[in-house]
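In the numbering used here, the protein residues as written are 289 to 538.
To keep things clear, I will list the structure first and then write my remarks on it.
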């Protein structure tokens with residue numbers, strides 16, 4: 289493709305033995321396009337920690353792009369117990385999805401992202417979800433994967449009012465099935481999060497009953513009232529309280 293002048297690259301590649309960086313993209317793709325003048329990209333790759341010769345940083349990956357002349361680049365590198373994920377993308381972000389970012393979140397507005405998954409082995413605190421609401425203002429689908437509890441006593445009935453409320457005005461789908469019960473509380477408690485358009489909820493049924501106090505707790509009621517699809521992977525208990533909580537499931 290020697291005559292190509294514009295290229296938009298979107299790569300999600302798991303189970304690699306290396307992370308894709310600017311050097312590899314240049315040697316395998318860009319050198320074949322001498323007339324290329326516009327290049328936007330989002331590259332999400334994953335490998336095992338023992339595949340890396342040394343501990344890489346986000347700046348290490350970023351520098352491979354800067355050396356090619358791409359100054360407007362961001363890199364997010366997350367280390368987990370059994371894997372390393374790398375997000376490298378041109379600025380401003382132009383992609384509509386982003387998967388498995390952790391607590392390390394740059395102060396960049398991702399106005400094009402509609403589908404987001406967050407995952408970490410370090411607890412997500414309320415401030416993290418405030419940042420998500422701020423930097424991903426138009427997300428429609430959110431998946432939370434984190435089995436670690438939030439800081440004890442971060443919220444209680446006495447200090448709820450001290451925290452700003454995370455607002456997700458366009459969020460319609462929320463998946464919490466692989467998350468600690470604290471995140472069910474985080475999202476359904478209206479003093480912490482507002483979900484005015486939530487219509488699809490995927491959650492553990494036992495956690496749901498605990499957080500809602502068997503569908504009687506008023507503070508978690510509002511974020512549930514517009515749900516039309518409730519995926520709990522278990523048989524629902526057909527109680528009056530349940531259907532009062534989820535009236536659109538009738």
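Glycine residues also receive a C-beta, built at the ideal position from the N, C-alpha and C atoms.
So for residue i, helix, strand or coil by DSSP?
i           : result
residue 468 : coil
residue 405 : strand
residue 443 : Confidence is the limiting factor: at residue 443 the pLDDT is only 46, short of 50, which leaves the residue's position unreliable, though a coordinate-based value still follows. Coil, per DSSP.
residue 506 : helix
residue 377 : strand
residue 487 : coil
residue 525 : coil
residue 291 : coil
residue 449 : Residue placement at residue 449 cannot be trusted, given a pLDDT of 48 that sits under 50; what the coordinates show is reported in the next sentence. Residue state, collapsed to three classes: helix.
residue 536 : helix
residue 499 : helix
residue 476 : helix
residue 531 : helix
Using a threshold of 8 angstroms, state whether the C-beta atoms of residue i and residue j are closer than that.
i           : j           : result
residue 335 : residue 372 : yes
residue 477 : residue 504 : no
residue 365 : residue 395 : no
residue 472 : residue 515 : no
residue 460 : residue 426 : no
residue 496 : residue 462 : no
residue 378 : residue 329 : yes
residue 454 : residue 418 : yes
residue 406 : residue 390 : yes
residue 536 : residue 489 : no
residue 482 : residue 456 : yes
Based on Cα-Cα distance, which residue from the options lies nearest to residue i?
i           : options               : result
residue 484 : 396, 513, 315 and 343 : 513
residue 524 : 493, 535, 314 and 466 : 493
residue 510 : 422, 498 and 480      : 480
residue 432 : 416, 316, 497 and 535 : 416
residue 326 : 309, 348 and 296      : 296
residue 522 : 435, 475, 465 and 538 : 465
residue 438 : 304, 414 and 309      : 414
residue 351 : 475, 309 and 532      : 309
residue 294 : 300, 311 and 321      : 321
residue 375 : 299, 291, 470 and 402 : 299
residue 469 : 434, 323, 531 and 482 : 434
residue 397 : 380, 418 and 530      : 380
residue 319 : 399, 292, 306 and 301 : 292
residue 290 : 323, 301 and 313      : 323
>> With a threshold of 8 angstroms, are at least 3 pairs of Cβ atoms found where one atom belongs to the segment 409 to 429 and the other to the segment 351 to 359?
In response: Fewer than three pairs of CB atoms, one per stretch, sit closer than 8 angstroms, so the segment 409 to 429 makes no contact with the segment 351 to 359.
>> Which complete beta strand (DSSP E) runs does the segment 380 to 424 hold, if anything under 3 residues is left out?
In response: Runs of the beta strand (DSSP E) lying entirely within the segment 380 to 424 and spanning at least 3 residues, in chain order: 385 to 389 and 403 to 407.
>> Between the segment 336 to 343 and the segment 379 to 387, can you find at least three pairs of beta-carbon atoms closer than 8 angstroms?
In response: The segment 379 to 387 is not in contact with the segment 336 to 343.
>> Runs of 3 residues minimum, wholly inside the segment 298 to 373: which ones carry the beta strand (DSSP E) assignment?
In response: Complete beta strand (DSSP E) runs here, min 3: 326 to 335 and 361 to 367.
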